[in-house]
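Chemist: Residue numbers (this note's numbering): 80 to 338. Using N, Cα and C, we set each Cβ at its ideal position, and we do this for glycine too. First, the structure itself, so that you have it in front of you.
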């Protein structure tokens, strides 16, 4: 709990510093929209249909520190680091509907478990506050001084995530023998909670004009919990469910250079 509080406090303080330009570097603002696939305990993880069908949306805003320039857009003296790295603080909201797909809920199956799984569905919402370090293999200054160029970048970060799962059954209240397969007994929860996650990814930035960039990026995010979706069967009894929840995210974004 102490570690959770400390990390959250650091994230909030750094985001606050970003917002008020305390570091003396150039600022970039923007927003993004995208879609994501949640790899969870709905369906079998190895089945493509479980990930493909359980898609959601995300929307968010962000703030960049551009170390290549000072706050008045003169060159900074930060050397290689400043010309190849940016720091990004972001706040986003994501939501997805969840349902079991795959061989265990195939329409040809008429067992009690199959009917219970077909009747189970849910949603999860995630509010995410994150810090990411972005690495540009090519010069940021050269990119900024050009128009109509496309450049790759790679990113990694840490996030604090407040999640709200909701698990329901068309057969009645969850966690009863009527609605819930034995495997999931005690493994369903609608409790709101907080966790951390790590992200890794990459993307492309396009220099539209002197003030605006566009970007497309993909991200893999690993949560330090298996309860993001509200479903977590006992991993000792069912070792196939030992993995924490993850997601794969694809974003399109707009960046404005603020002077």
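I'd like the span of the beta strand (DSSP E) that includes residue 282, first residue to last.
Modeler: Locating residue 282 in the chain shown gives position 203, where the first residue counts as 1. Residue 282 -> beta strand (DSSP E) spans 272-286.
Chemist: Counting Cβ pairs, one atom from each stretch, are 3 or more of them under 8 Å apart for the stretch 319-330 and the stretch 289-307?
Modeler: yes
Chemist: With DSSP collapsed to three states, give me the class of residue 222.
Modeler: Numbered from its first residue, the chain shown carries residue 222 at position 143. Residue 222 falls in the helix class under three-state DSSP.
Chemist: Would you decide whether residue 271 is buried or exposed? Buried here means 16 or more other CB atoms lie within 10 Å of its CB.
Modeler: Within the chain shown, the letter at position 192 stands for residue 271. Under this definition residue 271 is an exposed residue.
Chemist: Can you give me the C-alpha to C-alpha distance between residue 171 and residue 265, rounded to a whole angstrom?
Modeler: Locating residue 171 in the chain shown gives position 92, counting from the first residue. Locating residue 265 in the chain shown gives position 186, counting from the first residue. When rounded, the distance between both Cα atoms is 31 Å.
Chemist: Answer yes or no: do residue 139 and residue 111 have a C-beta to C-beta separation smaller than 7 Å?
Modeler: For the purposes of this step, residue 139 is taken as the residue at position 60 of the chain shown. For the purposes of this step, residue 111 is taken as the residue at position 32 of the chain shown. Yes. Within cutoff.
Chemist: Name the residue from 263, 258, 239 whose alpha carbon lies nearest to the alpha carbon of residue 277.
Modeler: Within the chain shown, numbered from 1, the residue matching residue 277 stands at position 198. Looking at the Cα atoms, 239 is the closest of the given residues.
Chemist: Using the Cβ count rule (16 or more neighbours within 10 Å means buried), how would you classify residue 119?
Modeler: Residue mapping note: residue 119 aligns to position 40 of the chain shown, counting from 1. Burial call: buried.
Chemist: Identify the continuous alpha helix (DSSP H) that holds residue 159 and give its terminal residues.
Modeler: Counting from one through the chain shown, the residue named residue 159 turns up at place 80. It spans 158-163 - the alpha helix (DSSP H) in which residue 159 sits, taken as one unbroken run.
Chemist: State the start and end residues of the unbroken alpha helix (DSSP H) segment that holds residue 193.
Modeler: Position 114 of the chain shown, counted from the start, is the residue given in the question as residue 193. Its alpha helix (DSSP H) spans residues 191-198.
Chemist: Would residue 180 and residue 135 be called neighbours here (beta carbons separated by less than 7 Å)?
Modeler: Position 101 of the chain shown, counted from the first residue, corresponds to residue 180. Position 56 of the chain shown, counted from the first residue, corresponds to residue 135. In this structure, residue 135 does not lie closer than 7 Å to residue 180 by Cβ.
Chemist: Determine which residues share a DSSP beta bridge with residue 145 and list them.
Modeler: Sequence index remark: in the chain shown, residue 145 carries index 66 (1-based). Partner(s): 105, 165.
Chemist: What's the gap between the Cα of residue 163 and the Cα of residue 307?
Modeler: Residue 163 sits at position 84 when you count from the first residue of the chain shown. Residue 307 sits at position 228 when you count from the first residue of the chain shown. Residue 163 and residue 307: Cα-Cα distance of roughly 34 Å.
Chemist: Could you give the DSSP three-state label for residue 341: helix, strand or coil?
Modeler: Here the chain has residues from 80 to 338 only, and residue 341 is not among them.
Chemist: For residue 289, count the other beta carbons within 10 Å of its own beta carbon; 16 or more makes it buried, fewer makes it exposed. Which is it?
Modeler: On the chain shown, residue 289 is found 210 positions in, with the first residue counted as 1. Exposed, since its Cβ has fewer than 16 Cβ neighbours within 10 Å.
Chemist: Apart from the five residues on each side of it in sequence, which residues of its chain come closer than 6 Å, Cβ to Cβ, to residue 295?
Modeler: Mapped onto the chain shown, residue 295 falls at position 216. The residues are 282, 283, 331.
Chemist: For the candidate residues 245, 252, 214, whose alpha-carbon lies nearest to that of residue 166?
Modeler: Locating residue 166 in the chain shown gives position 87, where the first residue counts as 1. With distances taken between Cα atoms, residue 166 lies closest to 214.
Chemist: Would you mind reading off the limits of the beta strand (DSSP E) that contains residue 327?
Modeler: As a working note, residue 327 is residue 248 in the chain shown. Bounds of the beta strand (DSSP E) holding residue 327 are 325-337.
Chemist: Would you kindly report the start and end of the unbroken beta strand (DSSP E) that includes residue 256?
Modeler: Reading the chain shown from its first residue, position 177 is the one you call residue 256. Per DSSP, residue 256 belongs to no beta strand (DSSP E) and is neither H nor E.
Chemist: Can you tell me where the beta strand (DSSP E) holding residue 291 begins and where it ends?
Modeler: In the chain shown, counting from the first residue as 1, residue 291 sits at position 212. From DSSP, the beta strand (DSSP E) with residue 291 extends over 291-302.
Chemist: What is the C-beta distance between residue 195 and residue 260, in whole angstroms, given that I count them as a contact (C-beta under 8 Å)?
Modeler: Along the chain shown, read from residue 1 onward, the residue named residue 195 stands at position 116. Along the chain shown, read from residue 1 onward, the residue named residue 260 stands at position 181. Their Cβ separation, rounded to whole angstroms, is 5 Å, which keeps residue 195 and residue 260 in contact under 8 Å.
Chemist: State the Cα-Cα distance for the pair residue 255 and residue 262, rounded to the nearest angstrom.
Modeler: Here residue 255 corresponds to residue number 176 of the chain shown, with the count starting at 1. Here residue 262 corresponds to residue number 183 of the chain shown, with the count starting at 1. C-alpha separation (whole angstroms): 12 Å.
Chemist: From 137, 280, 105, 285, pick the residue whose C-alpha is nearest to that of residue 227; which is it?
Modeler: Stepping through the chain shown from its first residue, residue 227 is reached at position 148. Ranking 137, 280, 105, 285 by Cα distance to residue 227 puts 285 first.
Chemist: Can you tell me which of 232, 131, 258 puts its alpha carbon nearest to the alpha carbon of residue 247?
Modeler: For the purposes of this step, residue 247 is identified with residue 168 of the chain shown, where counting begins at 1. Sorting 232, 131, 258 by C-alpha distance to the C-alpha of residue 247 places 258 at the top.
Chemist: CB residue 340 to CB residue 337, shorter than 7 Å?
Modeler: Residue numbering for the chain in the displayed model covers 80 to 338; residue 340 lies beyond these limits and cannot be assessed.
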